[in-house]
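A.B. asks: Shown below is the structure under consideration.
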Amino acid sequence: MNFGIFMAPFHRTAENPTLSLQRDLELISWLDSLGFDEAWIGEHHSAGWETIASPEVFIGVAAERTKRIRLGTGVVSIPYHHPFHVADRMVLLDHLTRGRVMLGVGPGALPSDAW
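Residue numbers (this note's numbering): 350 to 464.
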């Protein structure tokens, strides 16, 4: 049996984004030490309470703080990015994490994101 987590992007509106991101990174490190198999980090652009606009950057930092846990984009909103650039960034992350990265893509949260 495998265990994983989806990192819900929700943070308190008045909370310092630096502190909320540090707390998210500490949680992933803790999950790694507990033996969790994977963590999924989504892309969100709501500028206050959803503070991870680039899951790839977040995963790069999390990978440096962990040893075993696999890290995935849950999801990269494809309408906002050229697919070649997404693939290129994921190949780089795959090398940097020594194969611990997973790619998840989707249309985004809003119906208009898919246009």
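Every residue, glycine too, gets a C-beta built ideally from N, C-alpha and C.
(1) Report the start-end ranges of each beta strand (DSSP E) in the segment 365–433 that is 3 residues or longer and not cut off at the edges.
(2) Taking Cβ positions only, does Ser369 come closer than 9 Å to chain B?
(3) Out of Asp437, Leu452 and Phe352, which has the shortest C-alpha to C-alpha gap to Gly423?
(4) Mind checking His360: buried by the 16 CB within 10 Å criterion, or exposed?
(5) Might you give, ordered along the chain, the residues of its own chain that have their beta carbon closer than 7 Å to the beta carbon of Phe352, omitting 5 neighbours on each side?
(6) Taking the straight line between their C-alpha atoms, what separation do you get for Ser378 and Glu364?
(7) I need the straight-line Cα distance from Leu383 to Glu392, nearest angstrom please.
(8) For Phe355, which beta-bridge partners are listed by DSSP?
(9) Select from Arg419, Ser369, Glu405 and Lys416 the residue whose C-alpha is nearest the C-alpha of Asp437.
(10) What is the DSSP secondary structure of Met439, reduced to helix, strand or coil?
C.D. replies: Here's the rundown:
(1) DSSP runs (the beta strand (DSSP E)) wholly in the segment 365–433: 387–390 and 419–422.
(2) The displayed structure is made up of one protein chain only, and chain B is not part of it.
(3) Leu452
(4) buried
(5) Phe385 and Asp386
(6) 21 Å
(7) 25 Å
(8) Trp389
(9) Glu405
(10) Met439 falls in the helix class under three-state DSSP.
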